[in-house]
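Encoded as structure tokens, the structure appears first; notes follow it.
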Amino acid sequence: MKTDSKTLAEILKLHAQYVKEVEFSGIKPLSMEIYKTNSHNFVRWIQDEFHPGKKLRKAALS
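Put into structure tokens, the structure is as follows:
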């Protein structure tokens with residue numbers, strides 16, 4: 011994990027608020043999904059659960 015558990019708890023709380031704001035923002039559905047997916051991947055990256063480009067690197071090695 012890239013941070014301590016107290017900071018992560020705050021990040022998760024703020025991310026949930028962010029997702030709610032995005033959902034009620036009135037933006038188009040595709041844009042909404044992009045905002046939510048990218049922010050979720052950022053939180054996963056903080057937790058060491060996501061590595062940018064990992065799928066691409068696997069495909070290149072195959």
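Under the working numbering, the first residue of the sequence shown carries the number 11, and numbering increases by one thereafter.
Ideal placement from N, C-alpha and C gives every residue a C-beta, glycine not left out.
As the structure is a prediction and not an experimental result, all values here were calculated from the model.
Given D14 as reference, the closest of Q57, V32, S41, I37 once Cα atoms are compared: Q57
Where does K12 sit, in a helix, a strand or coil, going by DSSP? coil
Roughly how many angstroms lie between the CA atoms of P62 and E31, to the nearest whole one? In this model, P62 and E31 are separated by some 25 angstroms (Cα to Cα).
Considering E43, what are the terminal residues of the alpha helix (DSSP H) in which it resides? 39-56
In three-state terms, what does DSSP make of H61? coil
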